[in-house]
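Q:
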Amino acid sequence: MPDIAMCQSATCPSRHICHRYMAKPGMRQAYMDFESTRAGRERCDDFVRSLGKFVADLAGDLDAL
Numbered sequence: 003m004p005d006i007a008m009c010q011s012a013t014c015p016s017r018h019i020c021h022r023y024m025a026k027p028g029m030r031q032a033y034m035d036f037e038s039t040r041a042g043r044e045r046c047d048d049f050v051r052s053l054g055k056f057v058a059d060l061a062g063d064l065d066a067l
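Quick look at the structure:
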């Protein structure tokens with residue numbers, strides 16, 4: 003269970019690379035409306051890059067060397 007408040011926004015363009023959206027929720031999971039802090043930007047103030055996406059980006063960067 004992630005020890006964070008998770009996001010349920012279905013409209014955020016960064017939701018598929020954000021840990022707050024992608025993490026597997028626990029049985030008693032807290033959720034928050036982060037959409038109000040996005041204010042038209044691609045990411046909200048509380049964006050947390052998903053570890054899986056981070057590793058994939060890092061591997062791509064290493065391949066480019």
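If you count the sequence shown from 1, you need to add 2 to reach my numbering.
Just so you know, even glycine gets a beta-carbon here, dropped at the ideal spot from N, CA and C.
These numbers were taken from a predicted model, which means no experiment stands behind them.
1) Report yes if the C-beta distance between cysteine 14 and arginine 40 is below 8 Å; otherwise report no.
2) Glycine 42: which of Ala7, Ala25, Val50 and Ser16 sits nearest, CA to CA?
3) In or out: serine 11 buried (at least 16 other Cβ within 10 Å) or exposed?
4) Provide the residue(s) that pair with methionine 34 in DSSP beta bridges, ordered along the chain.
5) Rounded to whole angstroms, what is the Cα-Cα separation between valine 50 and alanine 32?
6) On a CA-only basis, which of Asp5, Ala7, Ile6 and Cys20 is nearest glutamate 44? Give me that one, please.
A: The relevant details are as follows:
1) Here residue 14 refers to the residue found at position 12 of the sequence shown. Here residue 40 refers to the residue found at position 38 of the sequence shown. Yes, these two residues count as a Cβ contact at 8 Å.
2) Within the sequence shown, residue 42 is the residue found at index 40, counting from 1. Nearest option by C-alpha distance: Ser16.
3) As a position in the sequence shown, residue 11 is number 9, starting the count at 1. The residue in question, serine 11, is buried, as its Cβ has 16 or more Cβ neighbours within 10 Å.
4) The residue labelled residue 34 in the question sits at position 32 within the sequence shown. The partner list for methionine 34 (beta bridge, DSSP) reads Cys9.
5) The residue labelled residue 50 in the question sits at position 48 within the sequence shown. The residue labelled residue 32 in the question sits at position 30 within the sequence shown. For valine 50 and alanine 32, the distance between alpha carbons rounds to 16 Å.
6) On the sequence shown, position 42 is the one that residue 44 refers to. Ranking Asp5, Ala7, Ile6 and Cys20 by Cα distance to glutamate 44 puts Cys20 first.
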